[in-house]
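*Asks:* My questions will all concern the structure given below.
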Amino acid sequence: MSLLRRLRPTASGVALGRVVGALLFVAAAVLVVPADLRWLALACAAVAVTGAVFSWRARADQPIRRVIALVVMAAGGHALYIVDPASPGWLPAGIAISVALAALPLVLAVPFVLVTIATAALIAELRNPAALVPMMAGCVGFAVLGVVVGSSRQRADQAERLLASEKATQEAEARAQVYAERARLAREIHDILAHTLSAQIVGLESARLLLRRNAPAEAVLQQIDQAQKLAREGLDETRQAVHSLRGDTRPTADTVRELAASANARLTVEGPVEPLSPEAGLAVERTVREALTNVRKHAPGAAVRVRLSYAPSQVEVEVCDNGSASRSELDFTGAGYGLAGLRERAELLGGKLDAGPVDEGFRVWLTIPR
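Note that full-length UniProt numbering gives residue 28 to position 28 of the sequence shown, counting from 1, and the numbers run on in steps of one.
Here it is in C-alpha cells:
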C-alpha cells in the first residue's frame, strides 16, 4: 500500500463521520424550527440527507447520477431554509457546491454551482434580505473549499498514478535484466559447448573408426589425447565464464598471452595494459580462442599473428594467419555459428567484429568499448 493511501482516512472512518454529520444536521434542523414546523423541517432534512447519501454512493464514472443526487441535496437544503431562515438549510447547499467543484467535471460542476448560488440568493432575498451578503459569502467560501479539495485530490491521484507507473517501469526493467542475464548465460553455455564438445565428438568418432580398422595404437592415442585436450580447454573455459559472470576475471592480456602461446602464435600488445570490464574481457578472450581454433581446424600449420591494442576508449584484438595448403580432419566440423555468436556478443557491448579472407590468409578483428 502506498504512502498516499496510508495517509488517507479509512473507509470506515469516513462513513462514520458522514453518519454522525447527517444525524447532527437532522437534529439541528428539527430543534431550531418552531414546533408546528418540525415535521416539515424533518421532511426537508430527510430529502437533503437522501441526496447526500446517493451522492456519496455514486462512483467517479457516474457524474450524471452524482449531479442528480447533489440537486436533490441542495433542493432539500433550500426547502428547509424557506421553512425557517434560522435553520441550517444553507449547509446542504454549501456542501453540494463544494462536492460538485471537487468531484465533478467542470462542464457539469460550473452550471450546477451557478444555479445553486442563484437559487440561494433568490431565497435569501425573499425570506431574509439581511442574510443575502453572508449567504453569498458562504457560497463563495464553499466554492473555494471545493476547488482546493478538488486540486488536492487531483494532485494526490496524479502522484499515485506516477508511483504506479514508476513501479511498473521498475518491474519491467527488472524483467528485462532477468531476460538479458538469461540470454547472457545461454550465450556463454552455447559458446563453450559449441567450441569444445563438437570437436571432442569428432575426435572420439575418429578414434572409434581407427579402432575398428585396427589402426596403430599411436594413431588412436593421438585422437584420444586431442579429445582430452579439448575437454580440459572446455573445463577451463567454463571456469573463466563462471568467474566472468561473478565479475571476477584475470587480466585479459595474460589470458590472450596463454592462448597465443598454446597455438604457437606471435603476440603483440600495444598501448598501456589496463583492466577491462568482465564482459569486454570475456569477449576478447572468446574472439581469440575462436579465431585460433578456426586456424587449427581450417589452416593447420599456418603462421598466426595476434595483436592486442589498448586505446583510450576501446580495445582491439586482431588474429591473422597466412593460410595453409593442408587440410585438417576438423575442417568440416562445426556449424559456422562461432563467429556469428561473437559478432552478436560484440554488438551487444557496442563493439564490432569483422572476419574474412585477406591477401595473405584470414583475418578476425574485434573492436569493443572499454
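C-beta atoms are modelled at their ideal positions from N, C-alpha and C, and glycine is treated no differently.
(1) Have a look at the DSSP bridge pairing and note the partners of Asp-321.
(2) Shortest alpha-carbon distance to Glu-347 belongs to which of Ala-283, Pro-312, Pro-357 and Arg-305?
(3) Does the stretch 34-45 come within contact of the stretch 61-70, defined as at least 3 CB pairs closer than 8 Å?
(4) How many angstroms separate the CA atom of Leu-259 from the CA atom of Arg-289?
(5) With respect to the beta strand (DSSP E) encompassing Glu-270, which residues constitute its N-terminal and C-terminal limits?
(6) For the alpha helix (DSSP H) containing Leu-259, name the first residue and the last one.
(7) Output the boundary residues of the alpha helix (DSSP H) element that contains Leu-122.
(8) From what residue to what residue does the alpha helix (DSSP H) around residue 373 run?
(9) Any idea what DSSP makes of Arg-327, helix, strand or coil?
(10) Are the stretch 90-98 and the stretch 137-149 touching by the rule of at least three beta carbon pairs closer than 8 Å?
(11) Among residues of its own chain, excluding the 5 on either side of Gln-154, which ones have a beta-carbon nearer than 7 Å to its beta-carbon?
(12) Three or more beta-carbon pairs under 8 Å between the stretch 289-306 and the stretch 352-365, yes or no?
(13) Check whether the Cβ atoms of Ala-131 and Pro-88 lie closer than 8 Å to each other.
(14) Which of the three DSSP states, helix, strand or coil, is assigned to Leu-276?
(15) From this set, Leu-349, Gly-361, Val-315 and Arg-345, which residue's C-alpha is nearest Ala-302's C-alpha?
(16) Quick check on the burial criterion: 16 or more other C-beta atoms within 10 angstroms. Buried or exposed for Trp-90?
(17) Within 10 Å of its beta-carbon, does Glu-205 have 16 or more other beta-carbons around it, so buried, or fewer, so exposed?
*Replies:* Taking the coordinates as given:
(1) Val-304 and Phe-362, per the DSSP bridge assignment.
(2) Per the Cα distances, Ala-283.
(3) Two segments are said to touch when three or more pairs of C-beta atoms, one from each, lie closer than 8 Å; by this definition the stretch 34-45 does not touch the stretch 61-70.
(4) Rounded to the nearest angstrom, the two C-alpha atoms are 7 Å apart.
(5) Per DSSP, Glu-270 belongs to the beta strand (DSSP E) from 266-270.
(6) From DSSP, the alpha helix (DSSP H) with Leu-259 extends over 252-262.
(7) Its alpha helix (DSSP H) spans residues 106-127.
(8) This structure does not reach residue 373, given that the chain is present from 1 up to 370, and the question cannot be answered.
(9) Residue placement at Arg-327 is poorly supported in this model, since its pLDDT is 48, which falls under 50; the coordinates are not used for a value here.
(10) A contact exists between the stretch 90-98 and the stretch 137-149.
(11) There are no such residues.
(12) Contact between the stretch 289-306 and the stretch 352-365 is present: 3 or more CB-CB pairs across the two stretches fall below 8 Å.
(13) Result no, Cβ atoms of Ala-131 and Pro-88 do not sit closer than 8 Å.
(14) Coil at Leu-276, not helix or strand.
(15) Taking only the C-alpha atoms, the option nearest Ala-302 is Gly-361.
(16) By the neighbour-count rule (16 or more Cβ atoms within 10 Å), Trp-90 is buried.
(17) Looking at its Cβ environment, which holds fewer than 16 other Cβ atoms inside 10 Å, Glu-205 is exposed.
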